């Protein structure tokens, strides 16, 4: 699969989400969409990232932005994570790595001296016509949600 490029339309994809959501990218034409990929539910960095997007959620909404978090965790895990931290946005389960492959976020990582395949923390901004207009890869959590908001 070829890498997505800035200013090109993102192919439609479907994923199950929290709150019995069936996400389909095509259903969000007319809105800006933030997709943030994170490694795992309930880990410190992923929790902080979710909290940061939550704290700025109303500011994103004022700019016609829908936010979705994506990881390979199950819906059951996502529901617990979302409820524990009161995330106002949906979390999408990509257990089959459909979106992960499309956005090329699966990378070789070192964990406890072993190399494993995992999600590289990344965020993508899609415009109202479904085009990829910005991306952040291999990012650090502090200040990231604010940086995404300020780019809009």
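In the numbering used here, the protein residues as written are 598 to 749. In this text, a Cβ means the ideal position worked out from N, Cα and C, and glycines have one as well. Owing to the predicted nature of the structure, the values given are computational and were not obtained by experimental measurement.
Residue i - DSSP class collapsed to helix/strand/coil
i	result
residue 651	helix
residue 687	strand
residue 604	coil
residue 747	helix
residue 665	strand
residue 609	coil
residue 741	helix
residue 704	strand
residue 635	coil
residue 568	A question about residue 568 goes unanswered here, because the residues of the chain that appear run from 598 up to 749.
residue 698	helix
residue 621	strand
Nearest-angstrom beta carbon gap, residue j and residue i [assumed within contact, 8 Å]
i	j	result
residue 607	residue 703	In fact, because the Cβ distance is near 17 Å, the residues do not count as touching under 8 Å.
residue 623	residue 609	5 Å
residue 665	residue 721	Incorrect: roughly 10 Å between the Cβ atoms, too far for contact.
residue 668	residue 612	At roughly 11 Å, the Cβ-Cβ gap does not stay under 8 Å, so residue 668 and residue 612 are not in contact.
Status (buried if at least 16 other CB within 10 Å, exposed otherwise) for residue i
i	result
residue 709	exposed
residue 751	This structure gives no information on residue 751, because the portion of the chain shown stretches from 598 to 749.
residue 687	buried
residue 627	exposed
residue 705	exposed
residue 679	buried
Residue closest to residue i, alpha-carbon to alpha-carbon, out of the options
i	options	result
residue 742	696, 635, 698	635
residue 670	732, 693, 745	693
residue 632	733, 738, 740, 640	733
residue 676	660, 639, 712, 654	639
residue 685	731, 714, 662, 642	662
residue 601	659, 682, 712, 696	696
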